[in-house]
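>
Residue numbers (my numbering): 47 to 632.
#1: So, helix, strand or coil for residue 78, using DSSP?
#2: Quick one: what's residue 293 bridged to in DSSP?
#3: Contact between the stretch 525-544 and the stretch 266-283: three or more CB pairs below 8 Å?
#4: Please classify residue 100 as buried or exposed, where buried requires at least 16 neighbouring CB atoms within 10 angstroms.
#5: Go through the stretch 339-411 residue by residue and report every complete run of the beta strand (DSSP E) that reaches 3 residues or more, in order.
#6: Is residue 161 near the ligand SAM, going by C-beta to nearest heavy atom under 7 Å?
#7: Less than 8 Å separating the beta-carbons of residue 375 and residue 340?
#8: Please report the straight-line C-alpha distance between residue 250 and residue 260, rounded to a whole angstrom.
#9: Curious, which full-length alpha helix (DSSP H) runs of at least 4 residues does the stretch 502-560 contain?
#10: Any idea what DSSP makes of residue 184, helix, strand or coil?
#11: With a threshold of 16 other CB atoms inside 10 Å of the CB of residue 196, please say whether the residue is buried or exposed.
#12: Do residue 367 and residue 576 have their C-beta atoms within less than 8 Å of each other?
#13: Identify, in the order they occur along the chain, each residue of the same chain with its Cβ nearer than 6 Å to the Cβ of residue 403, setting aside the five sequence neighbours on each side.
#14: Under three-state DSSP, which class holds residue 255?
#15: Span of the beta strand (DSSP E) holding residue 306?
#16: Ordered along the chain, which non-local residues of its own chain (more than five positions away) have a Cβ less than 6 Å from that of residue 550?
#17: Pull up the distance between the alpha-carbon of residue 631 and that of residue 273, whole angstroms please.
#18: Assuming residue 429 is part of the beta strand (DSSP E), what are its boundary residues?
#19: Give the range of the alpha helix (DSSP H) segment to which residue 116 is assigned.
#20: Can you pull the DSSP bridge partners for residue 500?
#21: Put residue 596 into one of helix, strand or coil per three-state DSSP.
#22: Can we say the stretch 479-496 touches the stretch 448-464, given the rule of at least three CB pairs closer than 8 Å?
#23: From the DSSP output, in three-state form, read off residue 302 for me.
#24: Residue 278 by DSSP, collapsed to three states: which one?
#25: Note down, in chain order, each residue of its chain lying with its Cβ closer than 8 Å to the Cβ of residue 148, except the 5 sequence neighbours on either side.
#26: Going by DSSP in three states, residue 436 sits in which element: helix, strand or coil?
#27: Quick test of your reading: residue 190 and residue 198, contact by CB under 8 Å. State the CB separation rounded to the nearest angstrom.
#28: Spatial neighbours of residue 562 within its chain, please: C-beta separation below 7 Å, excluding the five flanking residues on both sides.
#29: Measure the C-alpha to C-alpha separation of residue 395 and residue 412 and round it to an integer number of angstroms.
#30: Can you name, in chain order, every residue of its own chain whose Cβ lies under 7 Å from the Cβ of residue 298, other than the five neighbours on each side?
#31: Just how far apart, CA to CA, sit residue 290 and residue 262?
#32: Between which two residues does the alpha helix (DSSP H) harbouring residue 478 extend?
#33: Span of the beta strand (DSSP E) holding residue 321?
#34: Would you kindly report the start and end of the unbroken beta strand (DSSP E) that includes residue 469?
#35: Give me, in chain order, the residues of the same chain whose beta-carbon lies closer than 6 Å to that of residue 538; leave out the 5 immediate sequence neighbours on both sides.
#36: Within the continuous alpha helix (DSSP H) that includes residue 329, where are the two ends?
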């Protein structure tokens, strides 16, 4: 037919989509295989080039398939002449003559002829019906576009409906008869007329790969090979752009931050907590000395003190960065939460609840709300001006400063019992529990919100999947913990590693997928309470210790020396006024 996506914290001491199909052009991809683009007759396949010939060192690659995939890639990349020459020289056409004819008929809008040819290719009835539906739907829409309403109605009744495919779609097409102009220019594009090359894309997903080789098949195979190499490399901690096709990929231990680049000495007592900002430009630390500090990470990787946040009257348990990193929350031990301006170091607001103390803090994902665990075991939420918006009472939390909320704002996560973590769905009002056999001391939520890293009193760290059925998917052992709260974190490129503090003064690093202990980093002289991996720079790690210091770990230094951030270039102690900013929040 015609064309038509205590003093201490309570537990402190306890396929890419298909694109423009130039490869569907008449002069290349769909040209008759009996002749090349230069008019030279295409030779018939030689006996040695049959389906049975194998190549490769292991003899598992069919030569004919290999050549066809290369040919397909050449056409996809726009090298049409080279693709045609490969077909000619190898004697292996990309497609059979019937398949090429079928594809050309689709491009030419010869709908009835293409359906007839489809039946001759040797496909299952199910595949033929599915492919016919796609072709006839396009025929119907083009007829409507040409205002041939009766012909379109006849196609719908006598050709599309008898296929018994996608009843909902058939009803949508029927509605187009009444208002076909609205149908064709659908705002959401669900009923719009596709280009004919896009119809071939749809058909490609229906027909067997042996009939029409999928677009970008060679690229997909190469990407799979690179993925396997990367995933088998336990030290991989670099951008994918650094992968090469010229040699097999293998990283060494030098890709993991394992050298002390800086020792930050500004706290006067044990450092209990630290966390990098989302943009990786700042580091915040909390200490038993009742101070929180904002450190700035320079472009060259050096860390400098930006603000000392003074105002708490008890040890600072934890900190939390706002979604945009412009503000910081700090929580005192069973005290109050203070909100600070990161740029000025000014205290913007103090959140408190009469008669009780606050033990944890966090931000609502839109940055307009503040969450906290309370000593009465409830969880409360305020707006930025301190108005209480919501409060979940009952056994919702313990006196432990760990709390998280998922990026969509739907689930609040907290330790509700010594051996259980509560996953509270705010919208569905559903509570789920992660239950352990041992006392839970801390937890950390992954960036994609799909996993929870749970630290236990028995010197184990469990990785829980919290999507769908709750289950432990990996365990990490080796670090030491007997009395203190020790925190761990995800980190590295694609969060492929797990790092943890330890009571033996070492930082431990495991490969997340395999659970293999990769490194134990010495340096501190006291228990390491917390670690944080820079979310932007996978080669920067920070650790906080009872020795009152923070260590910045990185790769072997090249352009800068390991130095004390509280000393000048000749090693003498600097005064607090020399670049160290104090802000008093009354």
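Note that the Cβ used here is the ideal one computed from N, Cα and C, for glycine as well.
Concretely, from the data shown:
#1: The predicted model places residue 78 with a pLDDT of 38, which falls under 50 and marks its position as unreliable, so this point remains unresolved.
#2: BP columns for residue 293 are empty, so no partner.
#3: yes
#4: exposed
#5: 349-356, 362-367, 373-378, 383-387 and 393-397
#6: The ligand SAM is not among the ligands present in this structure, which contains no ligands whatsoever.
#7: no
#8: 6 Å
#9: none
#10: helix
#11: exposed
#12: no
#13: 380, 381 and 421
#14: coil
#15: 305-310
#16: 526
#17: Any reading at residue 631 needs caution, since the residue's pLDDT is 46, under 50, leaving its predicted position unreliable; the model's value is listed next. Between residue 631 and residue 273, the C-alpha separation is close to 51 Å.
#18: 425-429
#19: 109-122
#20: 489 and 508
#21: strand
#22: yes
#23: coil
#24: helix
#25: 160, 163, 164 and 167
#26: strand
#27: 5 Å
#28: 280 and 556
#29: 18 Å
#30: 281
#31: 19 Å
#32: Residue 478 -> not in any alpha helix (DSSP H); beta strand (DSSP E) instead, spanning 476-481.
#33: 317-322
#34: 466-471
#35: 283 and 584
#36: Residue 329 -> not in any alpha helix (DSSP H); beta strand (DSSP E) instead, spanning 328-333.
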